[in-house]
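Asks: Sequential numbering from 1 applies to the sequence shown in this note's numbering. Pasting a structure below so you can have a look.
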Amino acid sequence: MSGCARGLLVAGTSSNAGKSTIVAGMLRWARMNGIRAVPFKGQNMALNSSATVDGGEIARAQVLQAQAAGVDPVIDMNPVLIKPSGKDRSQLVVLGRPAGELSGDGWMEGRAELLEVVAGAYERLAARADLVIAEGAGSAAEINLMGGDIANLRLARRTGMGAVLVGDIDLGGVFASLYGHFKVVDPAYAGCYRGFIINKLRGSAKLLEPGISELEERLSTRCFGVVPYFEHQLPGEDSHNRQDRVRRVAGDGARLQVAVVCLPYLSNFTDFDPLFLEPEVDVFYASTPAGIAGADLVVLPGTKATVADLEWLAAVGLGGAISDHLEGRGWLLGICGGYQMMAAVIADAVESKRGRVGGLALLDAEVVFGPEKVTRLAAGASRFPAEEEVKGYLIHHGRVSSNEAPLLCLDGEEEGSVRGRVLGTTLHGLFDSDGFRARLLARVAEDRGKRFASKVGYASHVDGELDRLALLLDAHLDLRALLQL
């Protein structure tokens, strides 16, 4: 297709209005109908990120949307990523690479320049696709921030995208919120709106018809449909979704119990999505010593603030509780930042700038934080508990040097650590690999006197959920009209 592709901005009345999910469903529907569509989000704030095929880092939501569209994730799909790393402090990632730190007050500075970066990324994607479906950020009517907007209406006006506004009826007040979003912004930006969608309806859409008709008349616009509340098991974007995924079943203790330590700066919580699908596993987040009591496997997850979260572990008593867990023949797995915490020494002049600090000393290993961030996809095989194919992604400043037996071999190099029931790796997405997940959980279960057999094919499950979402949107939205905007 020559020239610039059509673009649609799916904006929202708030965070968690369902923009990410609707964009993913639209992209899968476009793929089903032979349309070359790609995802885009100018700016995202998330600790849930992933590596791309071109060696950068973008938000995990855009990686899922790329999967929905059937295309490889690339840095242009999320040119600006903000990763909170401390109180009033965040890492700024631009075009997939770290670009300094931001404070809350300092975020407005330089955003005019970032608008051109974001618009350039959009235009590169548009040049190689039939359609760009962009997701807005938060609320589209933050008038205090409009002068520096790089993800919503200012971007739509800059690139010529039409915008549709998604309102969340589940929280109430959807008509006032939609009306206010059209009216509170400058008319030059409000002119980008082409209509609205009502999302997350529990009940009959007929009850909304009088309100929809009046809103259409008042705003001289149209409603493209009402989407029912959709219970799904797709990877989540942020902490809202993580909180929805806590499941612990009280029973006779025969089921495998997996506790994920809920670190203050926990990142990449989608690492555990496959575990929540296993019917013979109870998974739960824990932030106290009592919370991990009785767990068969405790997981120290990734974090954007390794040293700060290590200090938090000690402050709440979880460091000692983990030692007690191991003495009770429990298993421990550290992933990325969690793996780094398990080393004897951490030398960090980059993230926390604290220099040399002591780790949990559960592994004969040392961590050195380097200024260059490792961001890449990786694949290989496990060395323990058996050889199985694995793949995932690496995102870290900290390099672990270990004298323990390796857990994995990634791209021809030994990686990770195994010391008895203590395991560690820098690889995110490890549990997505069905064979490894099944083998490891079966090994833990056997050692704990339990039984486990995996019943999940994770990749096929996610594809099935995306198909189901696309069909739902097709039934409740005028998608053909939407994609002509």
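Built from N, CA and C at the ideal position, the CB exists for glycine as well. Quick caveat: nothing in here was measured; it's all calculated off a predicted structure.
#1: Less than 8 angstroms between the beta carbons of MET342 and THR306, yes or no?
#2: For PRO274, which of helix, strand or coil comes out of DSSP?
#3: Among the residues of its own chain, which have a CB less than 6 angstroms from the CB of LEU95, if the five just before and after it don't count?
#4: Could you pull out every residue in the same chain whose Cβ sits closer than 7 angstroms to the Cβ of ASN241, ignoring the five residues on either side in sequence?
#5: Could you check whether the Cβ of GLY180 sits closer than 8 angstroms to any Cβ belonging to chain B?
#6: Can you check DSSP and say which residues form a bridge with ARG399?
#7: Cβ atoms of VAL390 and ALA452: under 8 angstroms apart, would you say?
#8: For LEU160 versus LEU8, is the C-beta spacing smaller than 8 angstroms?
#9: Check VAL390 in the structure and name its three-state DSSP category.
#10: Looking only at its chain, what residues have a beta carbon closer than 6 angstroms to the beta carbon of SER382, apart from the 5 residues adjacent to it on each side?
#11: Give every residue of the same chain whose Cβ lies closer than 8 angstroms to the Cβ of GLU465, excluding the five residues on either side of it in the sequence, and list them in chain order.
#12: Could you give the first and the last residue of the continuous beta strand (DSSP E) run that contains PRO187?
#13: How close, in whole Å, do the beta carbons of LEU102 and VAL93 come, if the pair is a contact with beta carbons under 8 angstroms?
#14: At the level of alpha carbons, what is the spacing between VAL400 and TYR393?
#15: When the distance is taken between beta carbons, is VAL118 closer than 8 angstroms to GLN65?
#16: Would the beta-carbon of PHE230 fall within 8 angstroms of that of THR21?
#17: Would you kindly report the start and end of the unbroken alpha helix (DSSP H) that includes LEU410?
#18: How many whole angstroms separate the CB atoms of LEU165 and TYR193, which I take to be in contact at a CB cut-off of 8 angstroms?
#19: Use the C-beta contact count for ASP411: other C-beta atoms within 10 angstroms, 16 or more gives buried, fewer gives exposed.
#20: Which of helix, strand or coil does DSSP assign to MET77?
#21: If distances are taken between C-alpha atoms only, which option among HIS461, GLU414, GLY319 and ARG421 comes closest to ASP434?
#22: In whole angstroms, what separates the C-alpha of SER323 from that of ALA405?
#23: Count the other C-beta atoms from every protein chain shown that fall within 10 angstroms of the C-beta of GLY173, then say buried if there are 16 or more, exposed otherwise.
#24: Could you tell me the alpha carbon to alpha carbon distance between ALA321 and LEU310, rounded to whole angstroms?
#25: Take the Cβ of TYR218 as the centre, count every other Cβ of all protein chains shown within 10 Å, and call the residue buried at 16 or more, exposed below.
#26: With respect to the alpha helix (DSSP H) encompassing ILE22, which residues constitute its N-terminal and C-terminal limits?
#27: What does DSSP give as the partner residue(s) for ALA286 in the beta ladder?
#28: Considering only the alpha carbon of each residue, which of ALA126, HIS396 and HIS181 lies closest to GLY12?
#29: Taking only runs that begin and end inside the segment 328 to 359, name each unbroken beta strand (DSSP E) of 3 or more residues, in chain order.
#30: Check for me: the beta strand (DSSP E) holding VAL132 runs from which residue to which?
#31: Consult DSSP for VAL299 and reduce its assignment to one of helix, strand or coil.
#32: In chain order, what residues of the same chain lie with their CB nearer than 6 angstroms to the CB of PHE369, ignoring the 5 residues before and after it?
#33: Do GLN257 and ASP273 have their C-beta atoms closer together than 8 angstroms?
#34: Would you tell me roughly how many angstroms separate the C-alpha atoms of ALA156 and GLY120, rounded to the nearest one?
#35: For ASN48, which residues in the same chain have their Cβ closer than 7 angstroms to its Cβ, ignoring the five residues on either side in sequence?
#36: Report yes if the C-beta distance between GLY138 and SER14 is below 8 angstroms; otherwise report no.
Replies: Walking through what the data contain:
#1: Locating residue 342 in the sequence shown gives position 342, where the first residue counts as 1. Locating residue 306 in the sequence shown gives position 306, where the first residue counts as 1. Cβ distance not < 8 angstroms, so MET342 and THR306 don't count as in contact.
#2: Indexing the sequence shown from 1 puts residue 274 at position 274. PRO274 falls in the helix class under three-state DSSP.
#3: Residue 95 sits at position 95 when you count from the first residue of the sequence shown. Answer for LEU95: ILE75 and PRO79, listed in chain order.
#4: Indexing the sequence shown from 1 puts residue 241 at position 241. Low local confidence applies: a pLDDT of 46 at ASN241 is under 50, so the model's placement there is unreliable, with the coordinate-based value given in what follows. Hits under 7 angstroms: none found.
#5: No chain B appears in the structure shown, which is made up of a single protein chain.
#6: Working through the sequence shown from its first residue, we reach residue 399 at position 399. Partner(s): VAL368.
#7: Residue 452 sits at position 452 when you count from the first residue of the sequence shown. Residue 390 sits at position 390 when you count from the first residue of the sequence shown. Note on residue identity: the sequence assigns Phe, not Ala, to residue 452. It is not a contact, given that the beta carbons lie outside the stated cut-off.
#8: Counting from 1 along the sequence shown, the entry for residue 160 is found at position 160. Counting from 1 along the sequence shown, the entry for residue 8 is found at position 8. It is worth fixing the name first, because residue 160 is Gly in this sequence and not Leu. No, the Cβ-Cβ distance between GLY160 and LEU8 is not below 8 angstroms.
#9: Within the sequence shown, residue 390 is the residue found at index 390, counting from 1. Residue state, collapsed to three classes: strand.
#10: Taking the first residue of the sequence shown as position 1, residue 382 is located at position 382. Here the set comprises GLU388, VAL390, LEU408 and PHE436.
#11: As a first step, residue 465 is located in the sequence shown; it is residue number 465 there, counting from the start. Only HIS232, GLN233 and LEU234 meet the Cβ criterion.
#12: Counting from 1 along the sequence shown, the entry for residue 187 is found at position 187. Careful: PRO187 lies outside any beta strand (DSSP E), inside the alpha helix (DSSP H) at 187 to 190.
#13: Taking the sequence shown and counting its residues from 1, one reaches residue 102 at position 102. Taking the sequence shown and counting its residues from 1, one reaches residue 93 at position 93. No, LEU102 and VAL93 are not in contact; Cβ-Cβ is about 11 angstroms, not under 8 angstroms.
#14: Along the sequence shown, one-based indexing puts residue 400 at 400. Along the sequence shown, one-based indexing puts residue 393 at 393. So the alpha carbons of these two residues sit roughly 16 angstroms apart.
#15: As a first step, residue 65 is located in the sequence shown; it is residue number 65 there, counting from the start. As a first step, residue 118 is located in the sequence shown; it is residue number 118 there, counting from the start. Contact flag unset, no.
#16: Taking the sequence shown and counting its residues from 1, one reaches residue 230 at position 230. Taking the sequence shown and counting its residues from 1, one reaches residue 21 at position 21. Their beta carbons are under 8 angstroms apart, which means PHE230 touches THR21 by this criterion.
#17: The sequence position of residue 410 within the sequence shown is 410, counting from 1. LEU410 -> not in any alpha helix (DSSP H); beta strand (DSSP E) instead, spanning 408 to 410.
#18: Within the sequence shown, the letter at position 165 stands for residue 165. Within the sequence shown, the letter at position 193 stands for residue 193. Yes, they are in contact, since the Cβ atoms of LEU165 and TYR193 sit about 6 angstroms apart, within 8 angstroms.
#19: Taking the sequence shown and counting its residues from 1, one reaches residue 411 at position 411. Flag for ASP411 reads exposed.
#20: Numbered from its first residue, the sequence shown carries residue 77 at position 77. In the structure shown, MET77 sits in a helix (DSSP, three-state: H, G or I).
#21: In the sequence shown, residue 434 corresponds to position 434, counting from 1. Taking only the C-alpha atoms, the option nearest ASP434 is HIS461.
#22: Here residue 323 corresponds to residue number 323 of the sequence shown, with the count starting at 1. Here residue 405 corresponds to residue number 405 of the sequence shown, with the count starting at 1. Going from the Cα of SER323 to the Cα of ALA405 covers about 20 angstroms.
#23: Walking along the sequence shown from the start, residue 173 turns up at place 173. Label assigned to GLY173: exposed.
#24: If you number the sequence shown from 1, residue 321 lands on position 321. If you number the sequence shown from 1, residue 310 lands on position 310. Approximately 13 angstroms, taken between the alpha carbons.
#25: What you label residue 218 is simply residue 218 of the sequence shown in a count that begins at 1. The amino acid occupying residue 218 in the given sequence is Arg; Tyr does not appear at that position. ARG218 comes out exposed.
#26: As a first step, residue 22 is located in the sequence shown; it is residue number 22 there, counting from the start. From DSSP, the alpha helix (DSSP H) with ILE22 extends over 19 to 32.
#27: Numbered from its first residue, the sequence shown carries residue 286 at position 286. Answer is VAL261, bridged to ALA286.
#28: Here residue 12 refers to the residue found at position 12 when the sequence shown is read from its first residue. Comparing Cα-Cα distances from GLY12 to each of ALA126, HIS396 and HIS181, the minimum goes to HIS181.
#29: 331 to 335, 345 to 348 and 355 to 358
#30: As a first step, residue 132 must be located in the sequence shown, where it is residue number 132. Per DSSP, VAL132 belongs to the beta strand (DSSP E) from 131 to 135.
#31: In the sequence shown, residue 299 corresponds to position 299, counting from 1. Reduced to three states, the DSSP call for VAL299 is strand.
#32: In the sequence shown, the residue the question calls residue 369 occupies position 369. These residues qualify, in order along the chain: ASP348, VAL350, GLU351, HIS397 and GLY398.
#33: In the sequence shown, residue 257 corresponds to position 257, counting from 1. In the sequence shown, residue 273 corresponds to position 273, counting from 1. Cβ distance not < 8 angstroms, so GLN257 and ASP273 don't count as in contact.
#34: Sequence index remark: in the sequence shown, residue 156 carries index 156 (1-based). Sequence index remark: in the sequence shown, residue 120 carries index 120 (1-based). About 13 angstroms.
#35: The count along the sequence shown starts at 1 and reaches residue 48 at position 48. Correct list, in chain order: ALA59, ARG60, GLU237, ASP238, SER267, ASN268, PHE269 and THR270.
#36: Your numbering for residue 138 matches position 138 in the sequence shown. Your numbering for residue 14 matches position 14 in the sequence shown. Yes, Cβ-Cβ distance for GLY138 and SER14 is below 8 angstroms.
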